[in-house]
Structure formats: structure tokens, C-alpha cells
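I have placed the structure first, in the form of C-alpha cells, so that the comments after it can refer back to it.
Residue numbers (my numbering): 130 to 484.
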């Protein structure tokens with residue numbers, strides 16, 4: 130089995146050649162067909178998050194991430210073998226040779242949060258590609274068949290991003306559903322932003338105003354059907370948002386998550402508005418605290434999504450024929466190049482590795 134692993138933080142991924150593992154217990158062995166390269170992979174590769182305000186960076190090593198690690202949490206693979214403890218009832222509609230989307234946000238499976246269906250919120254996560262080996266490889270082990278969602282004919286390369294950027298934006302959009310009759314302001318027109326834009330339409334939303342500093346990404350958002358775009362560095366960005374919204378702005382989704390985007394997102398909201406923060410770029414918030422109660426603003430974080438939401442998302446993609454975001458495929462051997470291009474902001478949509 131060939132894989133590309135983080136052996137040292139901030140160092141190039143290293144190629145490993147190992148024996149292909151055999152599934153034990155309830156595991157499923159898959160042959161990887163596609164693995165998306167996500168911005169979260171950059172944080173793992175770099176070893177932490179910037180918390181701003183002079184705080185010590187949040188170290189992923191301190192959070193229990195052990196190296197070497199095979200990243201890749203947006204994975205599609207073909208079922209090659211089931212472990213000896215997998216029962217026919219566990220398999221559901223999965224059979225040998227079927228192609229499935231891997232749900233990576235796995236928890237302990239025992240706590241009240243996991244048993245309630247929100248494994249992505251577990252305090253002792255076992256997320257694939259984060260805490261356990263993921264899809265930057267030609268083969269991969271999945272802990273249980275329930276974490277493999279049958280594609281039923283969907284394209285592997287364009288479906289892989291639904292495991293992270295897809296379910297992340299879907300879950301965030303559900304948090305502002307009550308405001309779908311007004312334009313939603315979204316910060317970040319990269320892979321997450323374009324995904325959110327296509328899903329918003331399928332979910333019945335009026336549309337989105339996309340905010341990004343990159344002219345090429347704003348252009349991509351316009352081609353994807355954004356109601357309008359705004360350059361946040363423009364001196365009149367706040368006035369542009371108000372004018373282009375055509376009325377009070379009631380919901381903002383920040384897919385970047387830095388001091389500048391959260392500030393502008395907060396400032397543009399009307400009384401009673403909602404700011405949902407998804408992006409993990411880093412830094413510290415600069416809000417004037419009295420304005421939070423004065424404007425009665427709701428500020429909510431949104432972290433990926435649960436297994437149920439991922440299945441809902443795939444069903445939506447099938448029934449509404451959601452247009453995929455732009456995808457550029459690259460061989461697994463170019464994993465390092467893909468990370469560098471993403472780090473430099475040179476990727477429109479998603480790069481997907483195809484072993």
C-alpha cells in the first residue's frame with residue numbers, strides 16, 4: 130500500500146510503502162478512488178491553529194494527533210473486503226465492489242453525544258485523516274460499514290468533497306434556514322464558498338452575496354450564480370453589502386474565520402441577526418462587546434456535520450441534481466504540490482487526489 134504521510138509538522142509529506150492492511154472486527158477495506166485536499170489539511174500539516182491576541186497557538190500534537198499520519202478526510206473508495214465481525218445487517222446496501230463516500234467525523238461511539246447521533250461533537254474524536262489514517266493513500270480502513278455511504282452512481286471525484294466541505298456548509302446553512310428568504314452573506318469563495326452557493330440554491334434559498342479578497346474567486350462565484358460579490362478590502366465594503374442586499378442583512382456565514390472577516394460580518398448584520406463561523410483561519414475576534422446585546426446578535430460556531438446530515442446531503446445532491454464545485458484531479462504522488470497550491474491560495478474549487 131502506498132501512502133503520503135505527515136512525518137513532521139511543516140515538512141513535506143513522505144511517501145510510505147507498506148503491506149496492504151486486512152480488515153479486522155467490523156472494519157471495511159476500501160480501494161481509494163478519490164481524496165479531496167481540504168484547507169483543514171493545511172492546519173494539520175502546519176501543526177496547529179492561530180488563536181490570536183498573543184495566545185500560544187493551539188498545538189495539534191497537544192490535542193492527541195500522533196505522527197506519522199495519513200491525512201485525507203474527503204475520501205471515496207471501492208469496497209474490497211469486510212472484516213470478520215461485519216454482519217449482513219451491518220452492511221446495509223453495501224456490497225463488495227460498491228463505491229462509497231467515507232464519513233470521517235467519527236467519535237468514541239459510546240458517549241451520550243455519539244449515541245445521540247452527533248459523533249462529530251464527541252470529546253474523544255477518532256476522525257479519519259485527523260486522528261486516524263485517512264485517504265492520502267491507495268487503500269484505507271474504515272471502522273464500520275455505517276461510515277460508508279453508497280454513491281449509487283455519483284462521480285467519485287466530485288462527490289469526495291461532500292465529506293467535509295459539503296456537510297460543513299450544509300450544516301451551517303441549516304443553522305440560518307429561517308433567513309433563506311433574504312440574501313445570505315458568505316465570506317470566502319473558495320471550495321467551501323462555492324459548495325455553499327450551490328447547496329443554498331438546492332435548499333430553496335434566495336441566494337448569496339459572496340465576499341472574497343481574490344478577484345478570480347469572486348468571478349468564479351459570479352459564474353456559479355451569486356447574487357453579487359464584494360471585495361472586503363474596498364473602503365466602502367460595508368456600504369456595498371448593505372446596498373447589494375437590498376434590505377437588512379439577517380444572516381452571515383463566515384467560511385474564512387479571521388479577525389477581518391468576523392468583524393465585517395458582525396458589522397453588516399441587522400438587529401437580531403446571526404453570524405455563523407465555520408472557517409478556521411485563526412486569530413482573535415475584535416467585536417465591541419456591548420454591541421452584541423444591543424444588536425441582539427447570535428454568534429454560533431459550526432463544525433463539520435453529523436452522519437445523518439451527510440446522508441441528507443447525498444440525497445439532496447441526487448434529487449436536486451446539485452451542480453458540483455470545480456474540481457481539479459491530480460495523482461496521489463502530487464499530494465505535496467496540492468498542499469502548497471492550496472496554501473498559496475491558487476486553488477479554485479477543490480483539488481482531488483486520484484490514486
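Ideal Cβ placement from N, Cα and C applies to all residues, glycine included.
Note that the coordinates shown come from a computational prediction; the quantities given were computed from them, not determined experimentally.
For residue i, the three-state DSSP class (helix, strand or coil)
i: residue 470; result: helix
i: residue 479; result: strand
i: residue 294; result: helix
i: residue 387; result: coil
i: residue 151; result: coil
i: residue 270; result: strand
i: residue 300; result: helix
i: residue 395; result: helix
i: residue 240; result: coil
i: residue 284; result: coil
i: residue 227; result: coil
i: residue 210; result: strand
i: residue 71; result: This structure cannot settle anything about residue 71, because the visible part of the chain is limited to 130 through 484.
CB of residue i within 8 Å of CB of residue j, strictly
i: residue 212; j: residue 157; result: yes
i: residue 442; j: residue 408; result: no
i: residue 326; j: residue 355; result: yes
i: residue 471; j: residue 252; result: no
i: residue 201; j: residue 263; result: yes
i: residue 316; j: residue 334; result: no
i: residue 278; j: residue 230; result: yes
i: residue 176; j: residue 189; result: yes
i: residue 313; j: residue 328; result: no
i: residue 381; j: residue 359; result: no
i: residue 318; j: residue 350; result: yes
i: residue 388; j: residue 412; result: yes
i: residue 267; j: residue 130; result: yes
i: residue 553; j: residue 426; result: With the chain covering 130 to 484 only, the question about residue 553 has no answer from this structure.
i: residue 205; j: residue 311; result: no
i: residue 429; j: residue 304; result: yes
i: residue 272; j: residue 155; result: yes
i: residue 323; j: residue 455; result: yes
Residue burial classification, residue i (beta-carbon count within 10 angstroms, cutoff 16)
i: residue 248; result: buried
i: residue 214; result: exposed
i: residue 218; result: exposed
i: residue 486; result: Outside the shown range of the chain (130 to 484) lies residue 486, about which nothing can therefore be said.
i: residue 369; result: buried
i: residue 300; result: buried
i: residue 448; result: exposed
i: residue 241; result: exposed
i: residue 347; result: buried
i: residue 423; result: exposed
i: residue 437; result: exposed
i: residue 353; result: buried
i: residue 221; result: exposed
i: residue 379; result: buried
i: residue 280; result: buried
i: residue 223; result: buried
i: residue 238; result: exposed
i: residue 169; result: buried
i: residue 290; result: buried
i: residue 418; result: exposed
i: residue 244; result: exposed
i: residue 153; result: exposed
i: residue 415; result: exposed
i: residue 164; result: buried
CB-CB length for residue i against residue j, believed under 8 Å
i: residue 203; j: residue 261; result: Contact doesn't hold; Cβ gap of about 15 Å is too wide.
i: residue 464; j: residue 265; result: 5 Å
i: residue 257; j: residue 233; result: 4 Å
i: residue 433; j: residue 286; result: Not really, about 21 Å apart at Cβ, beyond 8 Å.
i: residue 302; j: residue 332; result: 6 Å
i: residue 320; j: residue 183; result: Contact flag wrong, Cβ pair sits at about 31 Å.
i: residue 468; j: residue 166; result: 6 Å
i: residue 139; j: residue 197; result: Actually they are not in contact, since the Cβ atoms of residue 139 and residue 197 sit about 14 Å apart, beyond 8 Å.
i: residue 404; j: residue 410; result: Actually they do not touch by this definition, with Cβ atoms about 15 Å apart.
i: residue 159; j: residue 269; result: 5 Å
i: residue 390; j: residue 361; result: 7 Å
Contact with chain C by residue i, beta-carbon distance below 8 Å
i: residue 478; result: Judged by its chain identifiers, the structure shown contains no chain C, having just a single protein chain.
#### Entry: Ordered list of beta strand (DSSP E) runs contained in the stretch 402 to 465, each at least 3 residues
When DSSP assignments are scanned along the stretch 402 to 465, the uninterrupted stretches of beta strand (DSSP E) that are 3 or more residues long and fall wholly within it turn out to be 403 to 406, 427 to 430 and 456 to 459.
### Query
Where in the stretch 155 to 208 do unbroken runs of the beta strand (DSSP E), each at least 3 residues long, occur, reported from the N-terminal end onward?
Runs found: 157 to 166.
### Every unbroken alpha helix (DSSP H) within the stretch 308 to 389, with a cutoff of 4 residues, ordered by chain
Annotation note: the stretch 308 to 389 contains the following uninterrupted alpha helix (DSSP H) runs of length 4 or greater, listed N- to C-terminal: 320 to 331, 344 to 352 and 366 to 374.
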